[in-house]
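Numbering (the working numbering), first residue to last: 1265 to 1572.
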């Protein structure tokens, strides 16, 4: 297992919003192997919470301790413009400890630089990039793909972390639970990675861990991670999220976190991360996705803001 032997793990939810709950699942997996762990996510809340399109820059945020130009530590009092409270702030309040906030605006190379520096300062030897749903592995042509940009930027940072001395692992939790890639599509993408040697292992939720996530979900707004925990409790069949806009197939598989080699993932299924690896900014990365015919969460938020 990739978390075995780690001393302290930095577990980052890469998709924004409630992905920090999935990051907590990986933190618990690390602790099961005797490691310490700290959780975090990115400065991007979904539109029902933050009406401003895109992720917040660190200089827009109050109540955070800056570690460097792309990474900060958050508490319950950490807020964005308009007193927006980040999921990571809620998680910090719930856990009673600081969480990590990553600003993805400067692009993969700067994200990597900030994460490597933060890992040193926090004495972490392992980084988990955790995606809830599995859309990080999207090819770009899946009909349900809706939020590829944040995932692609954070995963692309893994290539820039080569030689940093930091062990980097990609985690996929709650397969299909965000209603983007179907469960079958996620399994096919994981198989693509595994076929080229990128399989590192998998861990499910035990009862105590499921209880811990349920307590977190009561304090941290999330739909996709909540679906994964429902699956750990035996839920099956189909349900909807995002006010009925997306359908989720519930399965015990969603209670499992799949651990993959991020570089192999980029060389196989995760084509969008590979496409934006050298983008100098989030805006440039989004333009690259548009040229590939891929619509992102930033495009959606921008269109919605214009229509108000």
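All C-beta atoms in this analysis are idealised placements derived from N, C-alpha and C, irrespective of residue type, glycine included.
Residue i versus residue j: straight-line alpha-carbon distance, rounded
i	j	result
residue 1538	residue 1525	14 Å
residue 1553	residue 1518	28 Å
residue 1353	residue 1418	20 Å
residue 1391	residue 1529	16 Å
residue 1472	residue 1555	45 Å
residue 1443	residue 1508	10 Å
residue 1503	residue 1510	9 Å
residue 1344	residue 1350	7 Å
residue 1260	residue 1399	This structure does not reach residue 1260, given that the chain is present from 1265 up to 1572, and the question cannot be answered.
residue 1546	residue 1514	32 Å
residue 1494	residue 1477	10 Å
residue 1536	residue 1404	7 Å
Proximity below 9 Å, CB of residue i to CB of residue j
i	j	result
residue 1277	residue 1286	yes
residue 1282	residue 1490	yes
residue 1437	residue 1302	no
residue 1312	residue 1346	no
residue 1533	residue 1454	yes
residue 1558	residue 1441	no
residue 1449	residue 1402	yes
residue 1571	residue 1413	no
residue 1370	residue 1541	no
residue 1326	residue 1366	no
First and last residue of the uninterrupted beta strand (DSSP E) at residue i
i	result
residue 1503	1501-1505
residue 1472	Unbroken run through residue 1472 is the alpha helix (DSSP H), 1471-1481; no beta strand (DSSP E).
residue 1456	Per DSSP, residue 1456 belongs to no beta strand (DSSP E); it is in the alpha helix (DSSP H), 1447-1459.
residue 1464	1463-1468
residue 1393	1390-1396
residue 1425	From DSSP, residue 1425 is part of no beta strand (DSSP E); its letter is neither H nor E.
residue 1434	1431-1437
residue 1510	1510-1514
residue 1366	1363-1366
Unbroken alpha helix (DSSP H) run spanning residue i, endpoints
i	result
residue 1272	Premise fails: residue 1272 lies in the beta strand (DSSP E), 1272-1277, not in any alpha helix (DSSP H).
residue 1335	Looking at the DSSP string, residue 1335 is not in any alpha helix (DSSP H); the run it does join, the beta strand (DSSP E), is 1335-1338.
residue 1359	1351-1359
residue 1381	1372-1385
residue 1553	1546-1555
residue 1535	1535-1539
residue 1301	Counting along the chain, residue 1301 falls outside any alpha helix (DSSP H), though it belongs to the beta strand (DSSP E) covering 1300-1306.
residue 1288	1283-1296
Rounded distance between the beta-carbons of residue j and residue i, thought under 8 Å
i	j	result
residue 1269	residue 1335	About 24 Å; that fails the 8 Å criterion.
residue 1484	residue 1568	The pair is not a contact, with the Cβ atoms about 23 Å apart (cut-off 8 Å).
residue 1394	residue 1364	Going by Cβ atoms, the distance from residue 1394 to residue 1364 rounds to 12 Å, so no, they are not a contact pair.
residue 1469	residue 1289	7 Å
residue 1407	residue 1565	With 8 Å as the limit, residue 1407 and residue 1565 do not qualify as a contact, their Cβ atoms being about 20 Å apart.
residue 1376	residue 1274	In fact, because the Cβ distance is near 13 Å, the residues do not count as touching under 8 Å.
residue 1266	residue 1465	6 Å
Residue-chain proximity (residue i, chain B), Cβ-Cβ < 9 Å
i	result
residue 1332	The structure shown contains no chain B; it holds only a single protein chain.
Under 8 Å, with one C-beta from each stretch per pair, do the region 1387-1406 and the region 1315-1326 reach the 3-pair mark? no
Please confirm if the region 1390-1406 is in contact with the region 1423-1441, defined as three or more CB-CB distances below 8 Å between the two stretches. yes
Take every Cβ of the region 1456-1466, pair it with every Cβ of the region 1412-1428, and state whether three or more of those distances are shorter than 8 Å. no
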